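Just so you know, the sequences run in chain order S, V, Z and C. Heads up, the first sequence is in this note's numbering, so the first residue is 1 and it goes up one at a time. Heads up, the second sequence is in this note's numbering, so the first residue is 1001 and it goes up one at a time. Heads up, the third sequence is in this note's numbering, so the first residue is 2001 and it goes up one at a time. Heads up, the fourth sequence is in this note's numbering, so the first residue is 3001 and it goes up one at a time. We put the beta carbon where it would ideally sit given N, CA and C, even for glycine. Since the model is a prediction, treat every value here as computed from it, not as a measurement. Right, one structure below, let's go through it.
Number of protein chains: 4
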Amino acid sequence: MRPAILLLIMFFQSASITVQADDSVRALKEAAVASIDRQENDLIAMSNKIWAYAETAFGETQSSEVLASYAEQQGFQVQRGVAGMPTAFIASYGEGRPIIGVVGEFDALPRLSQTATPDKHEHVAGAAGHGCGHNLYGSASLGAATAIKQFMIEGNIQGTLRFYGTPAEEAIGGKTYMAREGLFDDLDVVLSWHPSSSSKMDVSGSQAMVETTVSFKGRTAHAAADPWNGRSALDGLELFTHSLNLLREHVKPTVRIHYSITDGGGAPNVVPESASASVWIRDSELKDVLVLYERMQKMAAGAAMAADVTAKVTLISGTYGILQNKEAAKVVHANMLNLGDIEFDEADQKFAKSLQLAMGVPDTGLDGSVQPLDLDPGEMSGGSTDLADVSWIVPTVDVNVATAPTDIPWHSWGVTASSGSPIGHKGMQYAAKVLATTGIELFLSPEKIEAINAEFKENTSGFTYKAYLPDGPAPIPASP
Amino acid sequence: MRPAILLLIMFFQSASITVQADDSVRALKEAAVASIDRQENDLIAMSNKIWAYAETAFGETQSSEVLASYAEQQGFQVQRGVAGMPTAFIASYGEGRPIIGVVGEFDALPRLSQTATPDKHEHVAGAAGHGCGHNLYGSASLGAATAIKQFMIEGNIQGTLRFYGTPAEEAIGGKTYMAREGLFDDLDVVLSWHPSSSSKMDVSGSQAMVETTVSFKGRTAHAAADPWNGRSALDGLELFTHSLNLLREHVKPTVRIHYSITDGGGAPNVVPESASASVWIRDSELKDVLVLYERMQKMAAGAAMAADVTAKVTLISGTYGILQNKEAAKVVHANMLNLGDIEFDEADQKFAKSLQLAMGVPDTGLDGSVQPLDLDPGEMSGGSTDLADVSWIVPTVDVNVATAPTDIPWHSWGVTASSGSPIGHKGMQYAAKVLATTGIELFLSPEKIEAINAEFKENTSGFTYKAYLPDGPAPIPASP
Amino acid sequence: MRPAILLLIMFFQSASITVQADDSVRALKEAAVASIDRQENDLIAMSNKIWAYAETAFGETQSSEVLASYAEQQGFQVQRGVAGMPTAFIASYGEGRPIIGVVGEFDALPRLSQTATPDKHEHVAGAAGHGCGHNLYGSASLGAATAIKQFMIEGNIQGTLRFYGTPAEEAIGGKTYMAREGLFDDLDVVLSWHPSSSSKMDVSGSQAMVETTVSFKGRTAHAAADPWNGRSALDGLELFTHSLNLLREHVKPTVRIHYSITDGGGAPNVVPESASASVWIRDSELKDVLVLYERMQKMAAGAAMAADVTAKVTLISGTYGILQNKEAAKVVHANMLNLGDIEFDEADQKFAKSLQLAMGVPDTGLDGSVQPLDLDPGEMSGGSTDLADVSWIVPTVDVNVATAPTDIPWHSWGVTASSGSPIGHKGMQYAAKVLATTGIELFLSPEKIEAINAEFKENTSGFTYKAYLPDGPAPIPASP
Amino acid sequence: MRPAILLLIMFFQSASITVQADDSVRALKEAAVASIDRQENDLIAMSNKIWAYAETAFGETQSSEVLASYAEQQGFQVQRGVAGMPTAFIASYGEGRPIIGVVGEFDALPRLSQTATPDKHEHVAGAAGHGCGHNLYGSASLGAATAIKQFMIEGNIQGTLRFYGTPAEEAIGGKTYMAREGLFDDLDVVLSWHPSSSSKMDVSGSQAMVETTVSFKGRTAHAAADPWNGRSALDGLELFTHSLNLLREHVKPTVRIHYSITDGGGAPNVVPESASASVWIRDSELKDVLVLYERMQKMAAGAAMAADVTAKVTLISGTYGILQNKEAAKVVHANMLNLGDIEFDEADQKFAKSLQLAMGVPDTGLDGSVQPLDLDPGEMSGGSTDLADVSWIVPTVDVNVATAPTDIPWHSWGVTASSGSPIGHKGMQYAAKVLATTGIELFLSPEKIEAINAEFKENTSGFTYKAYLPDGPAPIPASP
């Protein structure tokens, strides 16, 4: 152990010395920042591997393993396959309270394969891609956990640190299954972040959501010889999607509905016996989503009746809207200000501007600055995360860090490109530093953990978390 | 009475003299043809008046009166307002058997107003027009009845002649209400014709049909302020028509389905509380139409469920497919051959060709020739007539006569134009002659009536006619 | 002139006496309130007449005349038929500056006929109804103008007062035509109000809008005999509305799009040659609406191409988003607080609750209280008004007054019922008092007019108003 | 060589002996029938293997090899991979004229996996199945070719026999590529058959067809965060399919249009950048199909314009309507009468009836009888075959043989079940006998070949065959 750090930590452990505390904390944080800098090559290598694997929900075998192995190398105790999900794992260190969690994701999005170039070019035709930057997300979080662990060891800090490797965020929601299992129940605080096009401790929330599958079943017939003997499941599906699109006029502006057709029939000369869509519904609160979900079920039944087929609606998962914590947000924001802006260089800006032009948005480049903290923001923007379920169990931090150019559409090839480039890596490093310094501060500041939990208790008074999931285990697909 | 005709008639009434019969019948028919020629100005004037009135279903007050008055002037006994329909009437002459009916229609079609010119030019903006030539139909049939009546008087012929003025053929079906009332029950034969683009005694049949109204009911709201509080009846309707269009793939090629939207909502800034469509379904046989009708009711219910509104399907009327009579067809066809082709002149052909060019079909002009009689034709073409209901009660003749150029779409402005021009008038005169000579032949030939009825009995064995109508009187609209 | 009032007015006209001003103004306002109370029977009678006429856009012949005659009786100089619209008028009094305008509307909404009862019951089947309360609007505004005029006469007040009778607000936008004509150009302030379910000086704005007609043209054919020769305009229209509904996913939450089908084809047995819809698009700012309008034109063209028909998009009118004036709002709000809440009695509350239950909303009754003034509100609610065009020419007040129960959908039969009941009348009286007291205050306070205009100038700096209308006169329909 | 057969053949080769010819031919045919009976186990084994492989278009590697190997074992010279298609092959025997071809198919249909049981039960979940019986088709044809070859060897018959192993009939059309290559150009007659639910030499024809892919390209965005920045390719596709369904009203009853959605977007939280459908259009004649194909291209362009995306229509292949040959049909039909009916036993009937009940059709069982020959049939039924392209190059026989119960929908799990059961095997054996006896008869009867070719020449006078295919090689998919 480096003596200077030991000394600093001793300050805190002797409760009477508070005058010099601020300076000491600053120094400890600097040590954490240095740890992240030392890990830079490792983190970039990990994030690039996961970026190249580009594995989607519950298929993240290699991506998960990259992170779990690193955690083991860094001395964490790793439990793989938690909550019935092969790609979910928990890496632990230490014991006793406080218990602080760090969360990392690593799943990709279908069809967003793209090289790390600012012009559209598929990496692997038709393949998935990290259009949401989760390769950066998991790597930065694990880097942060590693730095915090070093601090705990060096400082002989009491408490428990857990890194949660959480799969399937883009679909289904791995954290919700972990939450149902109670894996977050004993935590004091959870730290997380998300790639974005700006750096902001945003407390405006996220949307609640249900993911469903809507399937139709008809009767085959030769589409040329005797189509009158067939009943087209696809007819049912197209009526259903039409009704969904009509519904858009009759929902509040906070609602989002989107779908893709996952089965649109087989050979055209056979009247389709089956057809299905994946449908997601979101609104500010889960209870409002559930009203629409019920209505959607009637829409499927009505469409089926009109097409003389049958319909089946299957719940995949439900997600709450996130509960932000303002006390925690203040700590995070201060750490961001301390760290200063992300320093994107000229090459980064050039890349970003080319990318912006290619995507048809203003070529304003990257914004590495720390956005002001607004503790009373207006309407939330669209989007959901299974981290929201965690946020109703334990006080949760979710901070945005810039890893992509301003204004480019999210869930796009442009984000995949950025997430495999130096832009993304710089954001990743920054995010790791934000989480590491915040984690250290919390371990050193029981009163802050207390304030955070007091706010949390007030906000969840009368509320009992219940995962909105179908019965049974997580829907892990069979191996290919 | 002209002695020659009297003499001829006496031939027939003395059963032993059959050798000279053919010549005599020919002479009597020539007298009938002469009668039609004498009526020419009257028939043209009547048909032009009805063409200009262009009154639609159950609104044919003036059109019906033109015909009823003429019948009275010609010595018929006229009973107006039969079967609860103000514009339906029966003009009778004579008594006892045989009883022969002649049918005439006179209603127009919405929106087909057009001047009697070969280029598209609305006569009255947005108004109805005789795009099916019923102005010619009613006038020719009444002209034929008048000629037959003269023959009966001059020949002191025993029997009853009835002219049926039948309203609302293009919608609802006036004859079906008359049929339900039993007004055709005691007839021996019914004679009718229809304007067409060729002259043919076609026995291939007509389609059965149901006419329905499909209405949706929702809930109003301000479409900008709180559309989420509204439930759009129009949404229900649009889903319903979408499902109808999807159904087209899954019906036999003999089926026809068509609709118009009769209520598509009011002010756009109000979420539509009501919306409705007029839907017609046809197939070769009524029983098959009814299967689809039932399915359509489910489609309306399903669409309503999907849009969270309510649906109501109302039966307007049902029509059978026509039952042709081959024995009768032979008599008619022979009379057509005797009459020879319609003689269209150069001006007619020029008009016809201009019209064809304006409608985008080959400019082949008019075809006045008599088409061959095919007693075993293939598939029927699309179209329905409430005369079909009559044809299941009494042997019925329905012959086509050319009143419009070849290949022009029916129910179009081109037919309106032709029906008000010399082309239409020539066809009308010809049709009157076909019906008159056929009627005379039947009055003189009990054995033909017998053969016709024998065929009819065989074809309807085991069948009991039942009008497929909603309970209650015909839906006469209130006066404006 | 009553001496007390004269005295009070003299206080103001002698610039040195300001100490007693407040009390004096209060007294003058009380006189205005008394004037409204004296007019009560007249205003109720006028509003009930207009309610019963229920005339829609540009057909408000009787409704307009009721108001214009009353204005004449009250000594205004009335100019009818301004800006080329027979039902638009201006009633003037006085001369010189300041010039203050009061605006009143009087058009009804199609299909919202309803008796003044809390259960749904059409007054005249299929007829229009005052589902937006414009019968109250015009009457209250004219009542206010009358009170202000009395004050001007009695106080020998310098300046000009104008009442604008503005037709066709619910469609087309009469004020926009008056604005194009320059009829508001010389005003200092315009006062207006709108019926609502709560009383609030709301400065959150209104939506910009374009109204359009989208028409398709195809080719007729017999829908059963040769539908393949037809090209259905209705097919084009249904594809177009489908594309409009798909667009809803891809617009910002501030956008509103709504339509009704105004021509959905004629007789079902004719392939529809024409079909059309009335389409309205709104967003916060006109420039954003115009982007969508352009996109909608492509949608119509694309739908037409897909259905092999032609499309035509016609601009009916464009409307700006309203520019509220906070300085004016403060004056109005203070007057509302002075007047206190609307006093709805037990019978009113009973009526309101029955109505709420019948419409399926919580039976919370009426809220007659004055809502707090929020000068920095969040998002505007949906809705547009042609008063917005006026608001970009002259500082404009638009205040909401409760005339209907809380939570009931606007543009509904429930609003028609309320607008013909004592509830509506009480709101109307209150609105008249708010406008009258505000008008008086402004005539007496040049510095307030100045402050209002200073704010206006700042907000409109660099902006030149241009009516977004098609060329040519207002589309006055031909007399029936 | 068996002396009896040799003797019989010698009869024919000596031209003078014609009296006993008929008997001799009968005996030779009996020898062919015996050959098929001897091959029974082999043919069943082959058909069952192909049934179990269930490989779809251009993936029939194992299925093709099963047949090619058998042909080699039987002494044919086999050329694999003809016309650039790895699974296409030609097995030849003999030399010189006449040249007679026998055609066999072996591809399966996606999603119709089913066990050989009369109740619905997938064999392999989601897999392909022989829902068109091509496992029987290829095996029977090769069995027939083998029998004919034996006859040629034993009789020292002059001429060439070719078996064509033709892939990808259910999609794309392998024969069309072989036809383009000229591989059928030198033939005198081609023999083929098809599994069916009755045994009939049907000359009513098949439909012409084009297969196309319609793809849309939009712009991704996060479907919850900023859907307004996305342009949905799926929107374009859904408008396109809607327009296709509307088109159904406006095509002749002979047309068939069907499609499946092959790409309906990826993750629902990404606005779909791509979407596509497989669309097939059929009508009696290729020229009419091409008119609709052109119209469909406009529909895709229109839908794309309406959804603000781009569309691309790709031709996969075109197929002619089949040209039947009546002279050949007479020969085939006579051979069927000679062979008598297929003898299905009680177990077969029981299986068939269970299957019929499970599919909701009347349980009338199997019909093994030979249907009458109607040389002047009415309308063709729906369906296409790439054999049609062959039929415009060389006189072609295409006879139906019962391999499945009456009335069950084709391209269904019921056909898959039948094709793997004794029912299918009996039909297969019968078909092999029909082709073998017909082939033998033609080799022995130059005058029949002449008559057949005379009819062919008359029917194709003025016609030059041109494959309607995109440029370039057949679209063989890359190996998995």
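Problem set entry | Contacts of His242 of chain S in chain Z (Cβ-Cβ under 8 angstroms) | Locating residue 242 of chain S in the first sequence gives position 242, where the first residue counts as 1. Ordered by position in chain Z, the residues that pass the 8 angstroms Cβ test against His242 of chain S are His2242, Asn2245.
Problem set entry | Limits of the unbroken alpha helix (DSSP H) element including Phe3240 of chain C | Against the fourth sequence, residue 3240 of chain C aligns to sequence position 240. Residues 3233-3247.
Exercise. Residues of chain S with CB under 7 angstroms from Trp3051 of chain C, in chain order?
Worked result: To locate residue 3051 of chain C, count along the fourth sequence from 1; it is residue 51. At a C-beta separation below 7 angstroms, Trp3051 of chain C has no neighbours in chain S, since its nearest C-beta there lies roughly 17 angstroms away.
For this session: Tell me whether Glu2060 of chain Z is buried or exposed, calling it buried when 16 or more other Cβ atoms sit within 10 Å of its Cβ.
Result: Taking the third sequence and counting its residues from 1, one reaches residue 2060 of chain Z at position 60. So Glu2060 of chain Z counts as buried.
Exercise. Mind checking if Asp2374 of chain Z is an interface residue toward chain C, Cβ cutoff 8 angstroms exclusive?
Worked result: Numbered from its first residue, the third sequence carries residue 2374 of chain Z at position 374. Taking 8 angstroms as the CB threshold, Asp2374 of chain Z stays off the interface with chain C.
For this session: From the DSSP output, in three-state form, read off Thr2416 of chain Z for me.
Result: For the purposes of this step, residue 2416 of chain Z is taken as the residue at position 416 of the third sequence. Note: Thr2416 of chain Z maps to helix in three-state DSSP.
For this session: Could you name the residues that DSSP lists as bridge partners for Ile100 of chain S?
Result: Stepping through the first sequence from its first residue, residue 100 of chain S is reached at position 100. The bridge partners DSSP lists for Ile100 of chain S are S:Leu161, S:Val189.
Exercise. First and last residue of the alpha helix (DSSP H) that includes Gln1079 of chain V?
Worked result: Looking up residue 1079 of chain V in the second sequence gives position 79. For Gln1079 of chain V, no alpha helix (DSSP H) segment is defined; the enclosing uninterrupted segment is the beta strand (DSSP E) at 1077-1080.
For this session: Pull up the distance between the alpha-carbon of Ala478 of chain S and that of Ala3108 of chain C, whole angstroms please.
Result: As a working note, residue 478 of chain S is residue 478 in the first sequence. As a working note, residue 3108 of chain C is residue 108 in the fourth sequence. Near 25 angstroms, if we compare the C-alpha coordinates of Ala3108 of chain C and Ala478 of chain S.
Exercise. Residues of chain Z with CB under 8 angstroms from His1222 of chain V, in chain order?
Worked result: Here residue 1222 of chain V corresponds to residue number 222 of the second sequence, with the count starting at 1. Listed by position along chain Z, the residues whose Cβ is nearer than 8 angstroms to that of His1222 of chain V are Gly2382, Gly2383, Pro2409, Trp2410, His2411, Ser2412.
Problem set entry | Close-in-space but distant-in-sequence residues of the same chain around Ala303 of chain S (CB under 7 angstroms, 5 per side omitted) | Reading the first sequence from its first residue, position 303 is the one you call residue 303 of chain S. Excluding positions up to five away in sequence, the list reads Gly236, Leu239, Phe240, Ser243, Ala311.
Problem set entry | Within chain C, partners of Glu1055 of chain V - CB distance below 7 angstroms | On the second sequence, position 55 is the one that residue 1055 of chain V refers to. Proximity of chain C to Glu1055 of chain V at the Cβ level (cut-off 7 angstroms) is not reached, the minimal Cβ distance being about 29 angstroms.
Exercise. Under 8 angstroms between C-beta atoms, does Asp471 of chain S make it to chain C?
Worked result: If you number the first sequence from 1, residue 471 of chain S lands on position 471. Residue contact with chain C for Asp471 of chain S: absent (no Cβ-Cβ distance below 8 angstroms to any residue of chain C).
Exercise. Can you find a CB in chain S that lies within less than 8 angstroms of the CB of Ser1232 of chain V?
Worked result: In the second sequence, residue 1232 of chain V corresponds to position 232, counting from 1. For Ser1232 of chain V, the answer is yes, since a Cβ of chain S falls inside 8 angstroms of its Cβ.
Problem set entry | Close-in-space but distant-in-sequence residues of the same chain around Ile2090 of chain Z (CB under 8 angstroms, 5 per side omitted) | The count along the third sequence starts at 1 and reaches residue 2090 of chain Z at position 90. The residues are Val2078, Gln2079, Val2082, Arg2162, Phe2163, Tyr2164, Gly2165, Leu2183.
Exercise. Once you ignore the five residues that flank Tyr2465 of chain Z on each side, which residues in its own chain have a CB closer than 6 angstroms to its CB?
Worked result: Stepping through the third sequence from its first residue, residue 2465 of chain Z is reached at position 465. Trp2392, Ile2393, listed in sequence order.
Problem set entry | Identified DSSP bridge partners for Ala1303 of chain V | Taking the first residue of the second sequence as position 1, residue 1303 of chain V is located at position 303. Paired residues: none, contrary to the question.
Exercise. Excluding the five sequence neighbours on either side, which residues of its own chain have a C-beta within less than 7 angstroms of the C-beta of Ala2352 of chain Z, listed in chain order?
Worked result: One-based indexing of the third sequence puts residue 2352 of chain Z at position 352. Gly2365, Leu2366, Pro2405, Ile2423, listed in sequence order.
Exercise. At what residue ranges does the stretch 250-323 of chain S contain a whole run of the beta strand (DSSP E), taking only runs of 3 or more?
Worked result: Fully contained in the stretch 250-323 of chain S are the following beta strand (DSSP E) runs of length 3 or more, in chain order: 256-263, 274-283, 310-319.
Problem set entry | When C:Asp3471, C:Cys3132, C:Gln3207 are compared against Gly3282 of chain C, the one with the closest alpha-carbon | One-based indexing of the fourth sequence puts residue 3282 of chain C at position 282. It should be pointed out that residue 3282 of chain C corresponds to Arg in this sequence rather than to Gly. Considering only alpha carbons, the answer is C:Gln3207.
Exercise. Exposed or buried, which one is Asp3345 of chain C when buried takes at least 16 other CB atoms within 10 Å?
Worked result: Your numbering for residue 3345 of chain C matches position 345 in the fourth sequence. By the 16-neighbour rule on beta-carbons within 10 angstroms, Asp3345 of chain C is exposed.
For this session: Report the option in V:Met1299, V:Ala1116, V:Ala1306 whose CA atom is closest to the CA atom of Asp308 of chain S.
Result: In the first sequence, residue 308 of chain S corresponds to position 308, counting from 1. Minimum Cα-Cα distance from Asp308 of chain S among the listed residues V:Met1299, V:Ala1116, V:Ala1306 corresponds to V:Met1299.
Exercise. Taking the alpha-carbon positions, what's the Gln3474 of chain C to Gly3174 of chain C distance?
Worked result: For the purposes of this step, residue 3474 of chain C is taken as residue 474 along the fourth sequence, with counting starting at 1. For the purposes of this step, residue 3174 of chain C is taken as residue 174 along the fourth sequence, with counting starting at 1. In the sequence on display, residue 3474 of chain C carries Ala and not Gln. Going by C-alpha positions, Ala3474 of chain C is about 8 angstroms away from Gly3174 of chain C.
For this session: Sort out for me which residues DSSP pairs Pro2195 of chain Z with in a bridge.
Result: Translated into the one-based positions of the third sequence, residue 2195 of chain Z becomes position 195. Assignment of beta-bridge partners to Pro2195 of chain Z by DSSP yields Z:Val2401.
Exercise. If we call anything under 8 angstroms between Cβ atoms a contact, is Thr3438 of chain C one with Ser3192 of chain C?
Worked result: For this step, residue 3438 of chain C is matched to residue 438 along the fourth sequence. For this step, residue 3192 of chain C is matched to residue 192 along the fourth sequence. In this structure, Ser3192 of chain C does not lie closer than 8 angstroms to Thr3438 of chain C by Cβ.
Exercise. Which parts of the stretch 3352-3404 of chain C are runs of the alpha helix (DSSP H), unbroken and 4 residues or longer, counting only runs that do not cross its ends?
Worked result: Runs of the alpha helix (DSSP H) inside the stretch 3352-3404 of chain C: 3387-3391.
Problem set entry | Backbone CA spacing between Gln1074 of chain V and Ile1050 of chain V [nearest angstrom] | In the second sequence, residue 1074 of chain V corresponds to position 74, counting from 1. In the second sequence, residue 1050 of chain V corresponds to position 50, counting from 1. If I take the Cα positions, the gap works out to 19 angstroms.
Exercise. Applying a beta-carbon distance threshold of less than 8 angstroms, which residues of chain D neighbour Gly1378 of chain V?
Worked result: Considering every chain present, this structure includes no chain D. Its protein chains are S, V, Z and C.
For this session: Measure how close the beta-carbons of Asp491 of chain S and Tyr70 of chain S come, nearest whole angstrom, since I'm counting them as under 8 angstroms.
Result: Outside the modelled stretch of chain S, which goes from 1 to 480, sits residue 491 of chain S, for which no answer is possible.
For this session: Starting from Thr1093 of chain V, follow its DSSP beta bridges and name the residues at the other end.
Result: Locating residue 1093 of chain V in the second sequence gives position 93, where the first residue counts as 1. The sequence as given places Tyr at residue 1093 of chain V; Thr does not occur at that position. Per DSSP, V:Leu1161.
Exercise. Any Cβ of chain V within less than 8 angstroms of the Cβ of Val370 of chain S?
Worked result: Taking the first residue of the first sequence as 1, we reach residue 370 of chain S at position 370. No - not a single Cβ of chain V is within 8 angstroms of the one on Val370 of chain S.
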